[in-house]
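Below is one structure; the comments refer to it alone.
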Amino acid sequence: VNNVSNVNHVNNVNNVNHVNNVNHVNNVNHVNNINIINNVPKPIISKPIPPHIPSPVNHTSDISKKPLRDRIIHLLALRPYKKPELISILNRDGLKDKDRTQIMSILSQVAQAKDNVYYLLRHIWNDVQEDWPFYSSQDHIILKR
Numbered sequence: 406v407n408n409v410s411n412v413n414h415v416n417n418v419n420n421v422n423h424v425n426n427v428n429h430v431n432n433v434n435h436v437n438n439i440n441i442i443n444n445v446p447k448p449i450i451s452k453p454i455p456p457h458i459p460s461p462v463n464h465t466s467d468i469s470k471k472p473l474r475d476r477i478i479h480l481l482a483l484r485p486y487k488k489p490e491l492i493s494i495l496n497r498d499g500l501k502d503k504d505r506t507q508i509m510s511i512l513s514q515v516a517q518a519k520d521n522v523y524y525l526l527r528h529i530w531n532d533v534q535e536d537w538p539f540y541s542s543q544d545h546i547i548l549k550r
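Using the working numbering, you'd call the opening residue of the sequence shown number 406 and step up by one each time.
Below you can see the structure in the form of C-alpha cells.
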C-alpha cells in the first residue's frame, strides 16, 4: 500500500482477506479490493431491571423455604413497598397458603405504614443480613446506601 493517508493500521485490520493493487488512497472508507466481513455479532444488551423491583430469584424453591418474616424484612431493606407490590413479589418467588394469611401480622411487627407504603422499622434493621443469599449484586449496592 503506497501513499495511504487517513487509513489507520491497514496491516492490522482483522477480517481482511486480500489487499492488492492499491497505489494511492486518500480519505477512503471502502476500497473495492479489500474484502471485510461485517458479520461480527453485536453484544447482547439486556434491559436493566428497574431499581424498585428486586431481581427475580433463580432459586424460587429455596427462598420459599425461608421464613416469611425474613423474606419481608429483606425486601423492605431494599426499599419501601406498597402491600400489593410486596405480595406480588412474594407470590412470584413462591408463597405458601399458610404464609399468605400471616403477611399483615408480620408487616405490623417489622414495618410502619405511611400513605399505604410500608417502611422497615429502625430496630428491625438489626435483623437484615447483608449476605442474604437471595440478594443480587445490584441489591447489595442498594443495601450499602
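Virtual Cβ for every residue (Gly too), placed ideally from N, Cα, C.
Bear in mind the structure is a predicted one, so any value in this text is a computation, not a measurement.
Go ahead and label D498 buried or exposed: buried means 16 or more other beta carbons lie within 10 angstroms of its beta carbon, across all protein chains shown.
buried
Could you give the distance in angstroms between the alpha-carbon of Y540 and the alpha-carbon of L483?
9 Å
Give me the Cβ distance between V515 and L500, rounded to the nearest whole Å; I'm assuming they're in contact under 8 Å.
Not really, about 17 Å apart at Cβ, beyond 8 Å.
V533 by DSSP, collapsed to three states: which one?
coil
Who are the Cβ neighbours of I547 in its own chain at under 6 Å, not counting the five residues just before and after it?
L483
Tell me, which residues are paired with K519 by DSSP?
V522
State the Cα-Cα distance for the pair K503 and D532, rounded to the nearest angstrom.
23 Å
Which residues share a DSSP beta bridge with Y540?
Looking at the DSSP assignment, Y540 forms no beta bridge with any residue, so it has no partner.
Using a Cβ-Cβ cut-off of 8 Å (strictly less than) and excluding sequence neighbours within five positions of I477, which residues of its own chain qualify?
L491, L495, I508, I511, L512, V515 and A516
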